[in-house]
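Asks: Encoded as structure tokens, here's the structure I'll be asking about.
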Ligand code: KIV
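In this note's numbering, the protein residues as written are 1083 to 1352.
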């Protein structure tokens, strides 16, 4: 079903070139059919570790394995042909050492065919980012609110509300750029800080809850489709898919109970 059409994907260079031209459009995707639906509209697809919560019903992103991320990335690659695909390195797969990060990121690129990895962390991950980039693995960094750090951050809190947090965010942004990241996700960051970081950096900033002033935007697709119960202020619901499913399934249940489904046209007579 998938992959019959010619594949011509955006590259890291294509994404870099958009800075200052037009906003980068991106969404998360975890499955082939969703990737196929999003592919014509986005510059890149992120196989986010948010799938731990959105698909697997976990309480946080901490529990997802590299193997799971790899299988979902293969599905997203099969479903898309234009978007660049990025895998989100899960908790525990890159923090131990640059060597561990390289081993796992190289496996990701080899087994999935995706073009880049994302990893959470700023200055503390700069050596690791540099190690990967020097060895031909493009890296998108992720600073501000870092869901994998939920236990040390004490919850999911907007960042940049006091001077110490602002200073740390600038340090993180500068450090990941210097280390060679081609882009950085700014999550849950106040508008003035996100704006200044975006202006100061040469690399592409991708915002999620970080204002319209970033170089691009990303959302968890189930959030914006109304298919996951998010009450985050930064999510705009473009559809109410959850409600549509509820109505359709309720109609199906009524039809089955009334024996009006299957009807004659759904029935093999001979
Ligand atoms: O895991 C994820 O989905 C993410 C983003 C939405 C940036 O990290």
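Positions of the beta carbon are idealized from the N, C-alpha and C atoms, including for glycine.
If residue 1199 and residue 1158 are in contact, beta carbons under 8 Å, what's the gap, nearest whole angstrom?
Replies: Contact doesn't hold; Cβ gap of about 14 Å is too wide.
Asks: Can you determine whether any heavy atom of the ligand KIV sits closer than 7 Å to the C-beta of residue 1269, and answer yes or no?
Replies: Relative to the ligand KIV, residue 1269 has its C-beta within less than 7 Å of a heavy atom.
Asks: Quick check: residue 1316 and residue 1136, are their CB atoms within less than 8 Å of each other?
Replies: The Cβ-Cβ distance between residue 1316 and residue 1136 does not fall below 8 Å.
Asks: Is residue 1192 near the ligand MG - that is, is its Cβ less than 7 Å away from at least one heavy atom of it?
Replies: Judged by which ligands are present, the ligand MG is missing from the structure shown, whose ligands are the ligand KIV.
Asks: By DSSP, does residue 1195 sit in helix, in strand, or in coil?
Replies: coil
Asks: Short check: CB of residue 1028 to CB of residue 1248, under 8 Å?
Replies: Missing from the structure shown is residue 1028; the chain here goes from 1083 to 1352 and no further.
Asks: Rounding to the nearest angstrom, what Cα-Cα distance links residue 1190 and residue 1335 in this structure?
Replies: 42 Å
Asks: When DSSP labels each residue in this structure, what does residue 1260 get in the three-state scheme?
Replies: helix
Asks: Between which residues of its own chain and residue 1259 is the CB-CB distance below 6 Å, once the five residues before and five after are set aside?
Replies: Excluding sequence neighbours, residue 1259 sits near 1283, 1285.
Asks: For a quick check, are the C-beta atoms of residue 1121 and residue 1170 less than 8 Å apart?
Replies: no
Asks: Return the residue from the list 1143, 1097, 1279, 1308 that minimises the CA-CA distance to residue 1264.
Replies: 1097
Asks: What does a CB cutoff of less than 8 Å around residue 1146 pick up in its chain, not counting 5 residues either side in sequence?
Replies: 1131, 1133, 1134, 1138, 1140, 1172, 1173
Asks: Taking 7 Å as the cut-off, is the beta-carbon of residue 1127 closer than that to any non-hydrogen atom of the ligand KIV?
Replies: no
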